Amino acid sequence: MRKPIIAGNWKMYKTPSEATLLARQIKETLEPATFSKKEVVLCPPAVNLAAVGTVIRESGLDLGAQNFYPEAEGAYTGEISPLMLKDIGVKFVIIGHSERRQYFQESDQFINSKVLSAVKHRLSPILCIGETLVERDAGITEKVLEKQLGGGLNNLAPEETQRLVIAYEPVWAIGTGKTATTEQAQTAHAFIRGFLANRFNSEIAERIRLQYGGSVKPDNAESLMTQPDIDGALVGGASLTSEAFAAIIRAAAA
Ligand code: PGA
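For the sequence shown, the working numbering puts the final residue at 254, and the numbers step up evenly by one.
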């Protein structure tokens, strides 16, 4: 009932010419029938968005941004607004990725302002949450998720959840080759869905798609994405080659 959503987060990889080539390879590798059953999003670095958007236009692939500033316009040197993203065909925005929380000190409050701004501008937020290894070992994973969800979704009205996607990404699994076990991932996803049922209602919770992220690879993608509450993946490293990314997309349960 929930359409699987697989997004490739290219992070700070690929120059514009490399990004154009990769987007073309992904487009040519995927069977056109993929898109009736699965949503596939490419999230290149901002400087490559327009070029990648041109390559994937009318292909069925969607365009996503890794970041933006929550104001529509203004004197914010170096920043990119949701209006600018919309104008070049961006549909999804990754918000609150752990690398932004860690290296750019993004708070739940700031992340919340981006979620509200995205919704206002009709962009689909992919809100990232996840615990560190220290937090998992201390047994406070659910507390951390609750805080990040509560903060990130503050003031979001039930009718504003239409486009919302949540990515559970345990920080200790990102870029480390250490994936959460299918059981750990499913448990966290079930907890997130329970939170959403309380925060909104069970109908909305059943509709919102939850991605798993953190060292998703072709060989673990199927076991993760066939879990009942895992509706897709947010893929970093393995989204940088068309073969690996296509294999992950094919593994999604649809
Ligand atoms: P990874 O990154 O797949 O390289 O672990 C995932 C992410 O950070 O979204």
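Every residue, glycine too, gets a C-beta built ideally from N, C-alpha and C. Because the structure is a prediction, the values reported are computed rather than measured.
For this session: Tell me N9's beta-bridge partners as DSSP assigns them.
Result: Within the sequence shown, numbered from 1, the residue matching residue 9 stands at position 9. Answer is C43, bridged to N9.
For this session: Could you please give the first and the last residue of the uninterrupted beta strand (DSSP E) stretch that includes P125?
Result: Your numbering for residue 125 matches position 125 in the sequence shown. From DSSP, the beta strand (DSSP E) with P125 extends over S124 to I129.
For this session: Could you pull the start and end residues of the beta strand (DSSP E) that F92 belongs to?
Result: Here residue 92 refers to the residue found at position 92 when the sequence shown is read from its first residue. Looking at the DSSP string, the run of the beta strand (DSSP E) that includes F92 is F92 to I95.
Exercise. From this set, F200, N48 and I111, which residue's C-alpha is nearest E159's C-alpha?
Worked result: Against the sequence shown, residue 159 aligns to sequence position 159. Per the Cα distances, F200.
For this session: Answer yes or no: the CB of G175 versus the heavy atoms of the ligand PGA, is any distance below 6 Å?
Result: Here residue 175 refers to the residue found at position 175 when the sequence shown is read from its first residue. At least one heavy atom of the ligand PGA is nearer than 6 Å to the Cβ of G175, so yes.
For this session: Let me know the secondary structure DSSP gives R163 once reduced to three states.
Result: The count along the sequence shown starts at 1 and reaches residue 163 at position 163. Residue state, collapsed to three classes: coil.
Exercise. Is the segment 74-84 touching the segment 52-62, taking contact as three or more C-beta pairs under 8 Å?
Worked result: no
Exercise. Do the segment 193-212 and the segment 142-149 meet, that is, are 3 or more Cβ pairs less than 8 Å apart?
Worked result: yes
Exercise. Does the ligand PGA have even one heavy atom less than 6 Å from the beta-carbon of G237?
Worked result: As a working note, residue 237 is residue 237 in the sequence shown. Under cutoff, so the answer is yes.
For this session: Assign L116 to one of three DSSP states: helix, strand, or coil.
Result: In the sequence shown, counting from the first residue as 1, residue 116 sits at position 116. DSSP places L116 in helix when its eight states are reduced to three.
Exercise. My guess is that G214 and A246 are in contact by the Cβ rule of under 8 Å, so how many angstroms apart are they, rounded?
Worked result: On the sequence shown, position 214 is the one that residue 214 refers to. On the sequence shown, position 246 is the one that residue 246 refers to. Not really, about 20 Å apart at Cβ, beyond 8 Å.
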